[in-house]
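Colleague: With our numbering applied, the sequence shown covers 1353 to 1617.
Cβ coordinates follow ideal geometry from the N, Cα and C atoms, glycine included.
Quick caveat: nothing in here was measured; it's all calculated off a predicted structure.
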Amino acid sequence: MEISEVLGYAGALAIGIVLGLIGGGGSILTVPVFVYLMHINPITATAYSLFVVGVSALVGAINNLRKGLVSFRTAIVFAVPAFIAVYTTRKYAVPAIPDHLFTIGKFMMTKEVGIMIFFAIIMLLASLSMIKNTKKNIEQKTKIQYNYPLILIEGAVVGFLTGIVGAGGGFLIIPALVLLAKLPMKKAVATSLLIIAIKSLIGFIGDVENLQIEWNFLLIFTAISIIGIFIGMYMSNYIEGKKLEKGFGWFVLVMGIYIIVKELT
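(1) Which residues in the same chain as Gly1558 place their Cβ atom closer than 6 Å to its Cβ, once the five residues preceding and following it in sequence are excluded?
(2) With Tyr1588 and Val1405 assumed to form a contact (beta carbons below 8 Å), what rounded beta-carbon distance in angstroms separates them?
(3) Does Ser1356 pass the burial test, meaning 16 or more other C-beta atoms within 10 Å, or should it be called exposed?
(4) Alpha carbon to alpha carbon, how far is Met1353 from Thr1426? Give it in angstroms, no decimals.
(5) Determine the direct distance from the alpha carbon of Ile1547 to that of Glu1491, and round the result to whole angstroms.
(6) According to DSSP, is Ile1490 helix, strand or coil?
(7) Roughly how far, in whole angstroms, is the beta-carbon of Val1604 from the beta-carbon of Ile1380, given that I think they are within contact range, below 8 Å?
(8) Report all residues from its chain with a CB closer than 6 Å to the CB of Lys1493; omit the five preceding and five following residues, and keep chain order.
(9) Could you check the C-alpha separation between Ile1550 and Ile1392 for me, to the nearest Å?
(10) Can you name, in chain order, every residue of its own chain whose Cβ lies under 7 Å from the Cβ of Asn1489, other than the five neighbours on each side?
(11) Name the DSSP bridge partner or partners of Thr1462?
(12) Just mark Ile1578 as buried or exposed, buried being the case when its beta carbon has 16 or more other beta carbons within 10 Å.
(13) Just mark Ala1397 as buried or exposed, buried being the case when its beta carbon has 16 or more other beta carbons within 10 Å.
(14) Beta-carbon within less than 7 Å of Val1411's beta-carbon, same chain only, minus the 5 sequence neighbours each way: which residues are those?
(15) In angstroms with no decimal places, state the Cα-to-Cα distance between Leu1529 and Phe1430.
(16) Smallest Cα separation from Lys1614: which of Glu1561, Lys1539, Gly1521, Glu1464?
(17) Enumerate in chain order the residues of its own chain whose CB-to-CB distance from Ile1554 is below 7 Å, with the five nearest sequence positions on each side excluded.
(18) Among Met1475, Ala1448, Leu1524, Val1358, which one has its Cα closest to the Cα of Leu1389?
(19) Taking the alpha-carbon positions, what's the Ile1467 to Val1446 distance?
(20) Regarding Gly1558 and the ligand ADP, is the C-beta to nearest heavy atom distance less than 8 Å?
(21) Does DSSP put Glu1561 in a helix, a strand or coil?
(22) Rounded to the nearest angstrom, what separates Ile1369 and Ala1409 at their Cα positions?
(23) Going by C-alpha distance, which of Phe1454, Gly1608, Ala1540 is nearest Val1385?
(24) Apart from the five residues on each side of it in sequence, which residues of its chain come closer than 6 Å, Cβ to Cβ, to Pro1663?
(25) Nearest CA to the CA of Leu1322: which residue from Ile1611, Thr1617, Leu1616?
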């Protein structure tokens, strides 16, 4: 086993630990780990990421279901357009993207490079959300209200983004649930995990028909991430996750800039 592969499996553990500690964010590392450490092409990497993210979020969602923190009504309203968008994006839109997008001088923008740059932009947006710690700044109201048109639109947008980059999109979903559905923060975080699990796994189904999946590798990687989640949950009893979130946001920011520089040079 090469050193990069060992680091890749260590990355799987780190992804789970971050998810367990701060309740999100870890999935943003999945695609870079697959691409740069496991040497998997970006198209397959985004597909694998959907599976890892989906199963990991499902573990967290089941834990929250037991605590009664999930708003099923909100999850259904948000998830239906999200999983329709993510499935159609993975099954039809991604395969339809041409291998050669455009050429500027000697630089050729390929499909794989384009997806990685788009992913890096999403990383930058996610990092800013974590650095600003917008979860604390959002005003919460006790009465749950629904802005159905905006929730449906937001669900479709998040589903499309998830389909393209293979990340969970929690940094988009949680503010939407608080602002548009007026959910309390704890319920918003818990409900977002269920939404992420549903849409990620359904998006992955769209890939099963288009890609050859190495199931042994994918299941081992996912199992290591799940172990990391439980380690992170245990560590969260002793470490303040919110304090780590800002530091992790800076790390994601640096990673996003690194990906853009690496792909364009």
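Modeller: Taking the definition as stated:
(1) For the purposes of this step, residue 1558 is taken as residue 206 along the sequence shown, with counting starting at 1. Contacts found: Tyr1439, Arg1442, Lys1443.
(2) Position 236 of the sequence shown, counting from 1, holds the residue named residue 1588. Position 53 of the sequence shown, counting from 1, holds the residue named residue 1405. Reading the sequence as shown, one finds Ser at residue 1588 and not Tyr. That pair is no contact at about 19 Å.
(3) Indexing the sequence shown from 1 puts residue 1356 at position 4. Under this definition Ser1356 is an exposed residue.
(4) In the sequence shown, the residue the question calls residue 1426 occupies position 74. In the sequence shown, the residue the question calls residue 1353 occupies position 1. Thr1426 and Met1353: Cα-Cα distance of roughly 45 Å.
(5) As a first step, residue 1491 is located in the sequence shown; it is residue number 139 there, counting from the start. As a first step, residue 1547 is located in the sequence shown; it is residue number 195 there, counting from the start. Residue confidence is low: Glu1491 scores 48 on pLDDT, short of 50, so the model does not pin down where it sits. No coordinate-derived value is stated.
(6) For the purposes of this step, residue 1490 is taken as the residue at position 138 of the sequence shown. Note that Ile1490 scores 48 on pLDDT, short of 50, meaning its location in the model is unreliable; the coordinates nonetheless yield the value given after this. In this structure, Ile1490 counts as coil in the three-state DSSP scheme.
(7) Within the sequence shown, numbered from 1, the residue matching residue 1604 stands at position 252. Within the sequence shown, numbered from 1, the residue matching residue 1380 stands at position 28. The Cβ separation is near 6 Å, so the contact holds.
(8) Here residue 1493 is taken as the residue at index 141 of the sequence shown, counted from 1. Annotation note: pLDDT 49 at Lys1493 (below 50); position unreliable, no value reported.
(9) The sequence position of residue 1550 within the sequence shown is 198, counting from 1. The sequence position of residue 1392 within the sequence shown is 40, counting from 1. If I take the Cα positions, the gap works out to 24 Å.
(10) The sequence position of residue 1489 within the sequence shown is 137, counting from 1. Low confidence applies here, because Asn1489 scores a pLDDT of 49, under 50, leaving its location unreliable and the question unanswered by this model.
(11) In the sequence shown, residue 1462 corresponds to position 110, counting from 1. Looking at the DSSP assignment, Thr1462 forms a beta bridge with His1452.
(12) Locating residue 1578 in the sequence shown gives position 226, where the first residue counts as 1. Answer is buried; the Cβ neighbour count reaches 16.
(13) In the sequence shown, counting from the first residue as 1, residue 1397 sits at position 45. Buried.
(14) In the sequence shown, the residue the question calls residue 1411 occupies position 59. Around Val1411: Ile1578, Ile1581.
(15) The residue labelled residue 1529 in the question sits at position 177 within the sequence shown. The residue labelled residue 1430 in the question sits at position 78 within the sequence shown. Going by the C-alpha atoms only, they are around 9 Å apart.
(16) Looking up residue 1614 in the sequence shown gives position 262. Looking at the Cα atoms, Glu1464 is the closest of the given residues.
(17) The residue you call residue 1554 lines up with position 202 of the sequence shown. Same-chain partners within the cutoff: Phe1435, Val1438, Tyr1439.
(18) The sequence position of residue 1389 within the sequence shown is 37, counting from 1. Minimum Cα distance to Leu1389 is reached at Val1358.
(19) Looking up residue 1467 in the sequence shown gives position 115. Looking up residue 1446 in the sequence shown gives position 94. Answer to the nearest angstrom: the Cα atoms are 9 Å apart.
(20) The ligand ADP is not part of this structure, which contains no ligands at all.
(21) Indexing the sequence shown from 1 puts residue 1561 at position 209. If DSSP states are grouped into helix, strand and coil, Glu1561 belongs with coil.
(22) Numbered from its first residue, the sequence shown carries residue 1369 at position 17. Numbered from its first residue, the sequence shown carries residue 1409 at position 57. Rounded to the nearest angstrom, the two C-alpha atoms are 13 Å apart.
(23) Along the sequence shown, one-based indexing puts residue 1385 at 33. With distances taken between Cα atoms, Val1385 lies closest to Gly1608.
(24) In this structure the chain extends from 1353 to 1617, so residue 1663 is not present and cannot be described.
(25) The chain is shown only over 1353 to 1617; residue 1322 falls outside these bounds and no answer can be derived.
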